[in-house]
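*Asks:* Pasting a structure below so you can have a look.
2 protein chains.
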Amino acid sequence: MSCIFCKIASGEIPCKKIYDDQHVLSFLDINPASKGHCLVITKKHYEKFNDIDPEVLVSLIKAVQLVSKKIEAELGPDGYNIINNNGSSAGQTVAHVHFHIVPRTEGDGIIQPWEPTSPEGSELDELQKRLRIENGN
Amino acid sequence: MSCIFCKIASGEIPCKKIYDDQHVLSFLDINPASKGHCLVITKKHYEKFNDIDPEVLVSLIKAVQLVSKKIEAELGPDGYNIINNNGSSAGQTVAHVHFHIVPRTEGDGIIQPWEPTSPEGSELDELQKRLRIENGN
């Protein structure tokens, strides 16, 4: 087992722990984008967000909010990003699911906004047909 | 009430709906970062992630995963980002909480990685003390 986040979850590798419970562990990113940048990981190894079991997903997002609220109360950032990257194309650097909480300061320029595009309405209609999840609503 | 996402949630303004349930609505971003870029919003108006009530938070993250799985199954992207921005400093452009699901293609360069920093251990120790959430673990 060579996953660094599994080793952190098991205690084999130390971390600056902020919070943990049955399913989830949160700790400081040691190479933060900004002061107070925290990670929230599942203790169980899942590679990506879509792989997470429902019970663990609920624990995970509750822990993200708990830690995010603590950061807001203690550090009072101007804003914050909740970010989860999946796949190397999306900037995932450790193949074990994790959420970033990145405190932001006005004008810090840490993360640039993406360039919006303007697809044709027909392209959006086609996509809507493909992605629509029917549940009676 | 002038919030555009409240108007979309109420049906006053149309959207390319993908999914909805009691608490949550998902639709295509009409100015997407990439093909298949979807938004997931709460029907109730909350400005930021930390404001969301627990029951709604659970519905929201389950819907994010449902839509993300649908995107993965239908479009087969190389990767995907789950992103929630809070505050103008963090790139939040509509002051009603929303999650972005952004499908990614290797090398698309849509979102650049942030620059990691290397704070002193003592700074991280100090932050850990301030942010630590004690729950018996």
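Protein chains in written order, with numbering that gives the first Met the number 0: chain A, 0 to 136; chain B, 0 to 136. Heads up, the beta-carbon is just placed ideally off N, CA and C, and yes, glycines get one too. Keep in mind the model is a prediction, meaning the values are calculated, not measured.
(1) Taking beta-carbon pairs under 9 Å, can you tell me which members of the region 27 to 41 of chain A lie near chain B?
(2) Do you know offhand how far Val-96(B)'s Cα is from Tyr-79(A)'s?
(3) Buried or exposed, going by whether 16 or more other CB atoms sit within 10 Å of the CB of Lys-47(A)?
(4) What are the uninterrupted segments assigned as alpha helix (DSSP H) that are 4 or more residues long and contained completely in the region 1 to 33 of chain B, given in chain order?
(5) Name the two residues that bound the continuous alpha helix (DSSP H) containing Val-55(A).
(6) Which partner residues does Arg-131(B) have in the DSSP bridge list?
(7) Thinking C-beta only, is Asp-20(B) closer than 8 Å to Asn-49(A)?
(8) Could you check if Ile-3(A) is buried or exposed, using at least 16 other CB atoms within 10 Å of its CB as the buried criterion?
(9) By a C-beta neighbour count over all protein chains shown, 10 Å radius and 16 as the cutoff for buried, is Thr-41(A) buried or exposed?
(10) Which residue comes first and which comes last in the beta strand (DSSP E) that contains Val-101(B)?
(11) Could you tell me whether the region 71 to 90 of chain A touches the region 111 to 121 of chain A, where touching means 3 or more Cβ pairs closer than 8 Å?
(12) Between Lys-43(A) and chain B, is the shortest Cβ-Cβ distance under 8 Å, so that the two count as touching?
(13) May I ask you to report which of helix, strand or coil DSSP gives Gly-86(A)?
(14) If you count every other CB in all the chains shown that lies within 10 Å of the CB of Gln-111(A), and 16 or more means buried, which is it?
(15) At a threshold of 7 Å, does Tyr-45(A) count as lining the ligand NAP (C-beta to nearest heavy atom)?
(16) Looking only at its chain, what residues have a beta carbon closer than 6 Å to the beta carbon of Gly-35(A), apart from the 5 residues adjacent to it on each side?
(17) From Phe-98(B) to Ile-12(A), what does the alpha carbon distance come to, in whole angstroms?
(18) Excluding the 5 residues preceding and the 5 following Ala-8(A) in the sequence, name in chain order all residues of the same chain whose CB lies nearer than 6 Å to its CB.
(19) I'd like the list of long-range same chain contacts for Tyr-45(B), defined as Cβ closer than 6 Å, with 5 residues on each side in sequence excluded.
(20) For Phe-4(A), would you say it is in contact with chain B, using Cβ-to-Cβ distances shorter than 8 Å as the test?
(21) Could you please give me the residues that DSSP links to Asn-80(A) through a beta bridge?
(22) Determine which residues of the region 78 to 93 of chain B have a Cβ less than 9 Å from any Cβ of chain A, and write them out in chain order.
*Replies:* If we stick to the structure as given:
(1) Leu-27, Asp-28, Ile-29, Asn-30, Pro-31, Ala-32, Ser-33, Lys-34, Gly-35, His-36, Cys-37
(2) 12 Å
(3) buried
(4) 3 to 9
(5) 53 to 74
(6) Paired residue(s): none; Arg-131(B) is not in a bridge.
(7) no
(8) exposed
(9) buried
(10) 97 to 103
(11) no
(12) no
(13) coil
(14) exposed
(15) This structure lacks the ligand NAP; in fact it carries no ligand of any kind.
(16) Ile-70, Leu-74, Pro-102
(17) 32 Å
(18) Leu-24, Lys-42
(19) Ile-51, Val-96
(20) no
(21) Val-101(A), Asn-84(B)
(22) Gly-78, Tyr-79, Asn-80, Ile-81, Ile-82, Asn-83, Asn-84, Asn-85, Gly-86, Ser-87, Ser-88, Ala-89, Gly-90, Gln-91, Thr-92
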